[in-house]
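Student: I have a structure here, written as structure tokens, and I will follow up with some questions on it.
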């Protein structure tokens, strides 16, 4: 199984890709390698697929606020949203579509001022990845498990990115 991390860059008002994106600081092949390893550990059924896919999008505060309002009925900006696609029953297809991750770098920086930009983005990727796999933090017990796992994944992503100066 190979994890495909599809990166969607934000567009400016003219429809062209913005060059000053937080995502430009990342080697997403290394991020994908870490998430692939974690996926196999957390969700062993993933080995039955040729490819697993996650869509990762970076957006502005107004855009994530619109999504938050539309999908969660919460009319405020947030740092990250997850849209899982995993179902208990799978179709006979070779691709495991895990879902979408939408990150707002500005909100991430505001809500996590104790972290530098790279650490905060890695935390959001780890957090949302776990939501895509069905983890939640709606009880103390679930939160403890999720926080520990997300910190472990964040550390692995940061370690992978620090290799070869990426």
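In our numbering, the protein residues as written are 14 to 179. Just so it is clear, CB atoms sit at the ideal spot from N, CA and C, and this is done for glycine as well. Just so you know, these numbers come straight off a predicted model, no measurement behind them.
1. Tell me the DSSP secondary structure of residue 20 in three-state form.
2. Please go through the same chain and pick out, in chain order, the residues whose beta-carbon is closer than 6 Å to the beta-carbon of residue 49, but skip the five residues on each side of it.
3. Comparing C-alpha positions only, which one of 171, 143, 90 and 164 sits nearest to residue 52?
4. Using the three-state DSSP reduction, which class does residue 62 fall into: helix, strand or coil?
5. Do you know how far the Cα of residue 20 is from the Cα of residue 66?
6. So, with DSSP's three-state summary, where would you put residue 79?
7. CB-CB under 8 Å to residue 122, same chain, minus the five flanking residues each way: which ones, in chain order?
8. For residue 97, which residues in the same chain have their Cβ closer than 6 Å to its Cβ, ignoring the five residues on either side in sequence?
9. If residue 174 and residue 43 are in contact, beta carbons under 8 Å, what's the gap, nearest whole angstrom?
10. Who are the Cβ neighbours of residue 80 in its own chain at under 8 Å, not counting the five residues just before and after it?
11. Does the Cβ of residue 47 have 16 or more other Cβ atoms within 10 Å, making it buried, or fewer, making it exposed?
Tutor: Here's the rundown:
1. Three-state result, residue 20: strand.
2. 16
3. 143
4. Coil.
5. Answer to the nearest angstrom: the Cα atoms are 11 Å apart.
6. helix
7. In chain order, 130 and 133 place their CB closer than 8 Å to the CB of residue 122, counting only its own chain and leaving out the 5 sequence neighbours on each side.
8. Correct list, in chain order: 112 and 145.
9. 6 Å
10. 72, 94 and 115
11. buried
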